[in-house]
Every structure is written in structure tokens, then in C-alpha cells.
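full-length UniProt numbering numbers the first residue of the sequence shown as 24 and each following residue consecutively. Idealized CB from N, CA, C, for every residue including glycine. The model shown is predicted, which means the values in this text are computed figures rather than measured ones. Step one of this worksheet: look at the structure below.
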Amino acid sequence: SWSAVPAGPPDPILGVTEAFKADKDPRKINLGVGAYRDENGKPYILGSVKKAEELLTSSKPDKEYLPITGLPEFTKKAALLAYGADSEPLKQGAVAVTQSISGTGALRIGGAFLARHYPHSKVIYLPVPSWGNHTPIFRDSGLEVRGYRYFDKKTVGLDFEGLKADLLAAPEQAIVLLHACAHNPTGIDPTPEQWQIISDIVKERKLFPFFDMAYQGFASGSTSQDAFAVRHFVSQGHQIALAQSFAKNMGLYGERVGAFSLTTADPEEKARVDSQLKIIIRPMYSNPPLHGARIANAILGDKALYSQWEGEVKGMADRIISMREKLYSTLTHDLKTPGEWGHIKNQIGMFSFTGLTPPQTKALAEKAHVYMTGDGRISMAGLNSSNIEYFAESVNAAVRG
Ligand code: LMR
Numbered sequence: 024s025w026s027a028v029p030a031g032p033p034d035p036i037l038g039v040t041e042a043f044k045a046d047k048d049p050r051k052i053n054l055g056v057g058a059y060r061d062e063n064g065k066p067y068i069l070g071s072v073k074k075a076e077e078l079l080t081s082s083k084p085d086k087e088y089l090p091i092t093g094l095p096e097f098t099k100k101a102a103l104l105a106y107g108a109d110s111e112p113l114k115q116g117a118v119a120v121t122q123s124i125s126g127t128g129a130l131r132i133g134g135a136f137l138a139r140h141y142p143h144s145k146v147i148y149l150p151v152p153s154w155g156n157h158t159p160i161f162r163d164s165g166l167e168v169r170g171y172r173y174f175d176k177k178t179v180g181l182d183f184e185g186l187k188a189d190l191l192a193a194p195e196q197a198i199v200l201l202h203a204c205a206h207n208p209t210g211i212d213p214t215p216e217q218w219q220i221i222s223d224i225v226k227e228r229k230l231f232p233f234f235d236m237a238y239q240g241f242a243s244g245s246t247s248q249d250a251f252a253v254r255h256f257v258s259q260g261h262q263i264a265l266a267q268s269f270a271k272n273m274g275l276y277g278e279r280v281g282a283f284s285l286t287t288a289d290p291e292e293k294a295r296v297d298s299q300l301k302i303i304i305r306p307m308y309s310n311p312p313l314h315g316a317r318i319a320n321a322i323l324g325d326k327a328l329y330s331q332w333e334g335e336v337k338g339m340a341d342r343i344i345s346m347r348e349k350l351y352s353t354l355t356h357d358l359k360t361p362g363e364w365g366h367i368k369n370q371i372g373m374f375s376f377t378g379l380t381p382p383q384t385k386a387l388a389e390k391a392h393v394y395m396t397g398d399g400r401i402s403m404a405g406l407n408s409s410n411i412e413y414f415a416e417s418v419n420a421a422v423r424g
């Protein structure tokens, strides 16, 4: 039956982990997937998460099904974390929100909802480049994917002129995907002033903004600062779609905890949107998993756990920033590696878009056992004081050819 099924390529991000696992060299380093590692290169379970789990275990919870849209206490708190207590649509009870299978699931629910119910356009604009999974998610949701300029190779910064020109030239009412903070893969975010201009253009062109917020807290170390773009758009009267993930900021990767929300005109409209979210979700996976949502709910709902968590997010963000500085100074000052490496220090969030070329990334994997995505993105969290020098020396060798 399957003789005509062609072999597909490995996933551009998760495929890197497979190659890393197959490598037996003790010096190997995995900078592919964006998963935080501690100073010893080990996965990190946040103290707040451990405490929340202890509290949960001692309360002996059942294993019943969640409702289709998930744990209501959790989704309420997730929306509050994103939109903030001053959000008008939240105060009015006009935010439709559902739990999701982390950020990917939230994007997919959003893509399916827009494909089915957004009457004005089936076109979604993604930044170039964007997270490798965005295109397949939205294409498989039934949307037509197009790109807007984002990254300027020459300045290794934001191509703001290109971004503005492309959004201004987009057909009215098209959907535009915006990374709320810590843009993946480039690590380059618009400034608050630039966000204000983007918001004005989105309004002028009547575009529909869909925010992907996978890194709230990870960019600046502050969850409210990182929500600036989302909150600014909402305060300007935009209706938005929002995908949230708790994979990174709570380290709940495999628990698959996220939320998808839409701001609506009023509670009556919200109720209709809620009903359609259920109709989309039920045939996909019926209802979401329990455990991770309970953990996130416990943290978001308890003052002491919440402030411990905020400290831990900041700790992760700070360790990444210190690795950026160390890598920059090793390449520039110690090794005098040819090229300009200032972007490593300036980029934001979990990743650095190094500028290494596909042949250089290939050489790094084959000769130095250092793994990253083919576009030269490295997960900064995979670096630590034991491997950063070996990494910098390997990059130096690859650049010098
Ligand atoms: C990444 O970009 O590495 C992460 O978002 C993990 C993933 O699922 O790709």
C-alpha cells in the first residue's frame, strides 16, 4: 500500500536532536532545539514547578477528563498573564480562551479557526525568517502563507523599512503573524517605538494580528515587559489572536501546556467563538492533558510560587545573557575570529542567529560534533562554562575554514 510514499526530510529543528543523539563523541554539543539547559548542561526543572508538583501530589487529584477547552482556572490565569489586569477585553469578559497542546497546538487551533471563520482573507504573512514550524502549521490549517521582510543580513538586525513596506503592500485584512518577543530564530525584536508604528500600519491596512508568544519572560526576564507588544495592540483597539506556550518560561516542554485566545467584541460574541473553538478541538484531540495545566495553574495562582517562578525565569534569562557576553568576548578578543560578532550580545531570548553559513554549520557537526540548525541558529542555553570555549574554538576554526 505504501510503495509510493516518498521518504520525507528530517525536521529542521527536532532532526538536529536525532543527529546529536547518534553522535558518540564526548565533546558533542546540541545547540539545535530551544530547550533550556542549566550550567551543567542538564535539563532544568524549576524549583517552583517541583513545589507545585508536591502540592498537587499531596492533594491527590483525580484523572478525569478536562473540558474540551481545558482547565478553566488555568486558562483564566494564562490570559491574565498575557493581557494584564488592565486589559479592557479581559475586564469585559470578551476574551475567548482555550487550553492548547503548548504553543504549536495554540497556533494550529488559531490557524484552523481563522481558516474556517475569518471571512476576509485566507492569507497569512510570516516574518522572513520565522520559526521553522510556522509555515507547515498554517499551510496544514488551510491558509496561504506569504512572507514579510524581517531580517537584514547586512546589518544582522531588523529590516524595519522592508517590514513596513511589505505590511503596507499586503492586501487589506490579511492575517499577519507577529512574534510577541524573543523572535525565533533571529533573536531580534522591534523596539517599543517600532511596535507602535507596526500597530498603526496594521490598523491602516486592517490586517488581523496573530501573536505568537512562546517566550514571555525569556526576553527581558520580566513577564510584563515581554507582553508589551500584545498589550499595546489590545490597548489600541485591535482584535488579536494569541498563542501562548509555557514550555520555555516554566520549563514544561514535554507537558505540552499552552493557551490560545481571541479578543472579541463582547461577552455574547465571545460565547459564540468559544462554542466554535470547541467544535474545532473536539475532533482533533477531544480535550487537553491535565498535569501540566495543573502545575501552571498552581504557580500562577499562588503569590509565593509566582514570585519564585518570576525569579527563576529571570535566572534563566540572565544565564543566557552571560553566555552571550562570554561567547562574544571569546570570539572577538581571545580568538580574534574574523567577522563582526556584536549581534551575539545584542540579540534577545533563547537564540542567537550567528550568521554561520550552511557549509560552516555542516563542518561544525562533522568535525567538531557541534549541532545547530542549518540556518546558523544556536540555542544559547546549550552553552555553559564547561563547553563555551570548545564551542568558540570550533566556530573560529569553521570560520577560518
Ligand atoms: C525551537 O524553535 O527550537 C523550539 O520552539 C522547539 C521546537 O518545537 O521547535
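Inset, instruction - When you get a sec, list the residues whose CB is within less than 6 Å of any heavy atom of ligand 1, chain order please. - result: Ile36, Val56, Gly57, Trp154, Asn156 and Asn207
Inset, instruction - Please report the Cβ distance between Leu354 and Asn419, rounded to the nearest whole angstrom; I am assuming they are in contact, meaning their Cβ atoms lie under 8 Å. - result: In the sequence shown, residue 354 corresponds to position 331, counting from 1. In the sequence shown, residue 419 corresponds to position 396, counting from 1. Confirmed, about 7 Å.
Legend entry - Those residues which DSSP pairs with Ser284 across a bridge: Residue mapping note: residue 284 aligns to position 261 of the sequence shown, counting from 1. In the DSSP output, where bridge partners are listed per residue, Ser284 has Val120 and Leu265.
Legend entry - Straight-line gap, Ile263 to Gly210 (C-alpha atoms, nearest Å): Taking the first residue of the sequence shown as position 1, residue 263 is located at position 240. Taking the first residue of the sequence shown as position 1, residue 210 is located at position 187. So the two alpha carbons sit approximately 23 Å from each other.
Inset, instruction - Inspect the beta-carbon positions of Ala282 and Val120 and report whether they are closer than 8 Å. - result: As a position in the sequence shown, residue 282 is number 259, starting the count at 1. As a position in the sequence shown, residue 120 is number 97, starting the count at 1. Using a Cβ distance threshold of 8 Å, Ala282 and Val120 count as a contacting pair.
Legend entry - Sequence-distant residues of the same chain with beta carbon closer than 8 Å to Glu167, five excluded per side: For the purposes of this step, residue 167 is taken as residue 144 along the sequence shown, with counting starting at 1. The answer, listed in chain order, is Lys145, Val146 and Ile147.
Legend entry - Three-state secondary structure (DSSP) of His202: Along the sequence shown, one-based indexing puts residue 202 at 179. Residue state, collapsed to three classes: strand.
Legend entry - Contact under 8 Å by Cβ, Gln122 with Ala316: On the sequence shown, position 99 is the one that residue 122 refers to. On the sequence shown, position 293 is the one that residue 316 refers to. Cβ distance < 8 Å, so Gln122 and Ala316 count as in contact.
Inset, instruction - Tell me whether Tyr88 is buried or exposed, calling it buried when 16 or more other Cβ atoms sit within 10 Å of its Cβ. - result: Locating residue 88 in the sequence shown gives position 65, where the first residue counts as 1. Its Cβ having fewer than 16 others within 10 Å, Tyr88 is exposed.
Legend entry - N- and C-terminal bounds of the alpha helix (DSSP H) containing residue 442: Outside the shown range of the chain (24 to 424) lies residue 442, about which nothing can therefore be said.
Legend entry - Pick from Leu387, His140 and Gln259 that is closest to Ser298, judged by C-alpha positions: To locate residue 298, count along the sequence shown from 1; it is residue 275. Comparing Cα positions, the closest option is His140.
Inset, instruction - Can you check DSSP and say which residues form a bridge with Leu149? - result: Counting from one through the sequence shown, the residue named residue 149 turns up at place 126. DSSP lists Gly170 as partners of Leu149.
Inset, instruction - Return the chain-ordered list of same chain residues with a C-beta closer than 8 Å to the C-beta of Val151, the five sequence neighbours on each side being excluded. - result: Translated into positions along the sequence shown, residue 151 becomes position 128. So the list reads Gly170, Tyr171, Arg172, Tyr173 and Phe174, once near-sequence residues are dropped.
Legend entry - Continuous beta strand (DSSP E) stretch holding Ile401: start and end: Walking along the sequence shown from the start, residue 401 turns up at place 378. Here the beta strand (DSSP E) through Ile401 covers Arg400 to Ser402.
Inset, instruction - State the Cα-Cα distance for the pair Thr214 and Ser110, rounded to the nearest angstrom. - result: Numbered from 1 along the sequence shown, position 191 holds the residue referred to as residue 214. Numbered from 1 along the sequence shown, position 87 holds the residue referred to as residue 110. Taking the straight line joining both Cα atoms gives about 21 Å.
Legend entry - Ser375 in three-state terms, based on DSSP: On the sequence shown, position 352 is the one that residue 375 refers to. In the structure shown, Ser375 sits in a strand (DSSP, three-state: E or B).
Legend entry - Which of helix, strand or coil DSSP assigns to Ile52: The sequence position of residue 52 within the sequence shown is 29, counting from 1. The answer is strand: DSSP assigns Ile52 an E or B state.
Legend entry - Buried versus exposed call for Leu268 [16 or more other C-beta atoms within 10 Å across all chains shown]: By 1-based counting over the sequence shown, the position of residue 268 is 245. Residue 268 is actually Ser in this sequence, not Leu. The residue is buried, with at least 16 neighbouring Cβ atoms inside 10 Å.
Legend entry - Asp223, enclosing alpha helix (DSSP H) - first and last residue: Here the question's residue 223 lines up with position 200 in the sequence shown. Note, Asp223: alpha helix (DSSP H), Pro215 to Glu227.
Inset, instruction - Along the alpha helix (DSSP H) that carries Phe161, what are the first and last residues, could you check? - result: Sequence index remark: in the sequence shown, residue 161 carries index 138 (1-based). Going by DSSP, Phe161 is part of the alpha helix (DSSP H) stretching over His157 to Asp163.
Inset, instruction - Put Val393 into one of helix, strand or coil per three-state DSSP. - result: Residue mapping note: residue 393 aligns to position 370 of the sequence shown, counting from 1. Val393: strand per DSSP, three-state reduction.
Legend entry - Length of the line joining the Cα atoms of Gly338 and Gly244: As a first step, residue 338 must be located in the sequence shown, where it is residue number 315. As a first step, residue 244 must be located in the sequence shown, where it is residue number 221. Roughly 8 Å separates the two Cα atoms.
Legend entry - Gln239 burial status per 10 Å Cβ neighbour count (16 or more: buried): Residue mapping note: residue 239 aligns to position 216 of the sequence shown, counting from 1. The residue in question, Gln239, is buried, as its Cβ has 16 or more Cβ neighbours within 10 Å.
Legend entry - Own chain partners of Lys229 with C-beta closer than 6 Å, once the 5 adjacent residues on each side are dropped: As a position in the sequence shown, residue 229 is number 206, starting the count at 1. Answer for Lys229: Glu195 and Gln196, listed in chain order.
Legend entry - Inter-residue Cα distance where the pair is Thr287 and Leu200: Within the sequence shown, residue 287 is the residue found at index 264, counting from 1. Within the sequence shown, residue 200 is the residue found at index 177, counting from 1. Those two C-alpha atoms are separated by around 18 Å.
Legend entry - Three-state secondary structure (DSSP) of Gln236: For the purposes of this step, residue 236 is taken as residue 213 along the sequence shown, with counting starting at 1. Here residue 236 is Met; the residue named in the question, Gln, does not match the sequence. Annotated three-state conformation of Met236 is strand, per DSSP.
Inset, instruction - Mind checking which residues open and close the alpha helix (DSSP H) that includes Arg131? - result: Here the question's residue 131 lines up with position 108 in the sequence shown. Its alpha helix (DSSP H) spans residues Ser125 to His140.
Legend entry - Where Asp66 sits in the DSSP three-state scheme: On the sequence shown, residue 66 is found 43 positions in, with the first residue counted as 1. Sequence check: residue 66 is Pro here, not Asp. Strand, per DSSP.
Legend entry - Limits of the alpha helix (DSSP H) - the one that Gly338 falls within: Stepping through the sequence shown from its first residue, residue 338 is reached at position 315. Counting along the chain, the alpha helix (DSSP H) containing Gly338 begins and ends at Lys326 to Ser352.
Inset, instruction - Helix, strand or coil for Phe256, going by three-state DSSP, please let me know. - result: Translated into the one-based positions of the sequence shown, residue 256 becomes position 233. Three-state DSSP puts Phe256 in a helix.
Inset, instruction - Could you round the C-beta distance between Val56 and Val72 to whole angstroms and report it? I think they count as a contact, below 8 Å. - result: Here the question's residue 56 lines up with position 33 in the sequence shown. Here the question's residue 72 lines up with position 49 in the sequence shown. Not quite, the Cβ-Cβ distance comes to about 19 Å (not below 8 Å), so this is no contact.
Legend entry - Under 8 Å between C-beta atoms of Ala102 and Ser284: As a working note, residue 102 is residue 79 in the sequence shown. As a working note, residue 284 is residue 261 in the sequence shown. Their beta carbons are under 8 Å apart, which means Ala102 touches Ser284 by this criterion.
Legend entry - CB contact check: Glu291 to chain D, cutoff 8 Å: Within the model displayed, chain D is absent; a lone protein chain is all it includes.
Inset, instruction - Output yes or no for whether 8 Å exceeds the beta carbon distance between Pro232 and Phe376. - result: Within the sequence shown, the letter at position 209 stands for residue 232. Within the sequence shown, the letter at position 353 stands for residue 376. It is not a contact, given that the beta carbons lie outside the stated cut-off.
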